[in-house]
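Numbered per the working numbering, the sequence shown spans residues 21 to 411. In what follows, a structure is listed as structure tokens, so that the remarks can point back to it.
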Amino acid sequence: MNKHPGLDLVERARTLQPLIARDADEIERTRRLTPDVTTALIENGLYRSLLPQSLGGAELPLESFMQMQEEIAKADASTAWCLGQCSVCAMTAAYLDADAANEIFNVAPGILAWGAINHEVQAVPGGYRASARWDFASGSRQASWLGAHVRVVEADGSPRRKPDGSPEIRTILFPVADATMYDVWDVIGLRGTGTDSYSVDNLFIPDKFAALRDDPAALREDGPLYKLSTNMVFSMGFAATSLGLARATLDAATDLARAKTPQGLKAMRDNNAVQGLIGRTEATLRAARAYLYTTAAEVWRDLARGDALTEQHRIALRIAATWTIHQSAAVVDTAYHMAGATAVFSANKFERRFRDMHAIAQQVQARDSHYEDAGKAILFADLDTPPTTAR
């Protein structure tokens, strides 16, 4: 973080765009970030964007994290996805003892990745025992530590319950060397994320590496960032990633339209239909970005002045992120079709961005069911104000 003290992380992200764009084909081919890109992200502190300042991290405001993601995604969506995933994973440090957090995040490379919630661990003296396999660990090929979100069972096999009666979920953390990795990421989009599977067999996890992540009672930091759940920050970061990808695709289509004359037709830039399409699509993208960032700013303002996180905040973030991903996909679709036959050649990058965008749209953060959850809360919850109204 001290290598370039005059630059913030958003500016550093912009300066890394040429390097990332240069290596994007290799990232796609090998299904992992290149050593040069990984080193640059580490040396410029981008993986530490959401790590607490008490541990030497940047502890960025939500909007700044989103801007960082947007800038990286303009160069390569897979790189942005890995960065966003591992950056949010680092928020777990806010729920750990300092010695455990230092061991994970302040020993190079200091990168944590994890997959989807699944399975159980058994409580044993001094910690937990785990034998299980997990999937969807984006960024795991750069990580030094892995995590897994698991239900806790007692020694007698009974589920451990929280005071409210719900199952206790912990995030167990362990070195990559303790896991078996499985190369399963044979996909059409976001190929460079290397979103592999991993397993452990009868692994002992000390208590200090089993965090009650996103549990306010276990929180050790008091900054506004950590009032947000990791899932909320994931959603906003990946929505911003979608915006950056959509911007790059629309800009490429616009550049193409300035120069291309389809055989037997007038120049694209002189075509009224193309002109109108670009204008409307530009408006769609700007509207989506404004909505996402305005929502982030409103929620952050409340948290920064000491307000508690509310149901209104949760709903506002969720529907803004989901809608932005969907609008970004629509922008990419429009730009792809506007490019015509040019889009199908891999050298022109339209087809990779198209595949990457639709891989993002298939992820959990873009599920249509989020609208149903928000609608149910709006209709039945006792909300003081509508969830998208500034207070």
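Using N, Cα and C, we set each Cβ at its ideal position, and we do this for glycine too.
Item, Value
"Alpha carbon of R51 to alpha carbon of L285, nearest angstrom", "40 Å"
"Coil, strand or helix - G26 by DSSP", "Legend: pLDDT at G26 = 37, less than 50; position of this residue unreliable, value from coordinates given subsequently. Of the three classes helix, strand and coil, the one that applies to G26 here is coil, per DSSP."
"Buried versus exposed call for Y202 [16 or more other C-beta atoms within 10 Å across all chains shown]", "exposed"
"Straight-line gap, Y115 to N122 (C-alpha atoms, nearest Å)", "12 Å"
"Cβ of D353 within 7 Å of any chain C Cβ", "Annotation note: the requested chain C is absent from the structure, which comprises a single protein chain."
"Through-space distance from C106 to M377, alpha-carbon basis", "20 Å"
"Straight-line gap, N368 to T362 (C-alpha atoms, nearest Å)", "7 Å"
"Proximity winner among V196, G159, Q142 and P195, relative to V170 (alpha-carbon distances)", "Q142"
"Integer Cβ distance of P236 from W320, believed to fall under 8 Å", "Not really, about 18 Å apart at Cβ, beyond 8 Å."
"Close-in-space but distant-in-sequence residues of the same chain around M111 (CB under 6 Å, 5 per side omitted)", "L70 and T250"
"Sufficient close CB pairs (3 or more, under 8 Å) joining the stretch 370-385 to the stretch 287-294", "no"
"Closest residue to G65 among A120, I47, N126 and D45 (Cα-Cα distance)", "N126"
"T191, enclosing beta strand (DSSP E) - first and last residue", "I189 to P195"
"A230 - partner residues in DSSP beta bridges", "I192"
"Beta-carbon proximity of L337 to M252, cut-off 7 Å", "yes"
"Boundaries (first-last residue) of the beta strand (DSSP E) holding Q142", "E140 to V144"
"C-beta contact flag for L270 and V351 at 7 Å", "yes"
"Residues sharing a beta bridge with V170, DSSP", "R190"
"Three-pair Cβ contact test at 8 Å for the stretch 215-229 versus the stretch 299-310", "no"
"Where V207 sits in the DSSP three-state scheme", "coil"
"Buried versus exposed call for L265 [16 or more other C-beta atoms within 10 Å across all chains shown]", "buried"
"Cβ-based burial, D176 [other Cβ within 10 Å; buried from 16]", "exposed"
"Secondary structure of T200, DSSP reduced to three states", "strand"
"Alpha carbon of R414 to alpha carbon of G135, nearest angstrom", "Because the chain is modelled from 21 through 411, residue 414 falls outside the range shown and cannot be assessed."
"Member of L75, Q73, L39 and D45 whose CA lies at the smallest distance from the CA of T58", "L39"
"F156, enclosing beta strand (DSSP E) - first and last residue", "G147 to A157"
"Cα-Cα separation, L263 to R34", "15 Å"
"CB of T274 within 7 Å of CB of T354, strictly", "no"
"Environment of S348 [buried if 16+ CB atoms lie within 10 Å]", "buried"
"Straight-line gap, A268 to F85 (C-alpha atoms, nearest Å)", "19 Å"
"Check whether Y148 and A230 have beta carbons under 7 Å apart", "yes"
"Residue of A93, Q87, P226 and V144 minimising C-alpha distance to A310", "Q87"
"Spatial neighbours of R233 in its chain, beta-carbon cut-off 7 Å, leaving aside the 5 residues before and after", "T112, Y115, T191 and T250"
"G212 versus A260, D43 and P81, residue with shortest Cα-Cα distance", "D43"
"Cβ distance (whole Å) where V30 is taken to contact F254 below 8 Å", "At roughly 19 Å, the Cβ-Cβ gap does not stay under 8 Å, so V30 and F254 are not in contact."
"Alpha carbon of Q89 to alpha carbon of W101, nearest angstrom", "8 Å"
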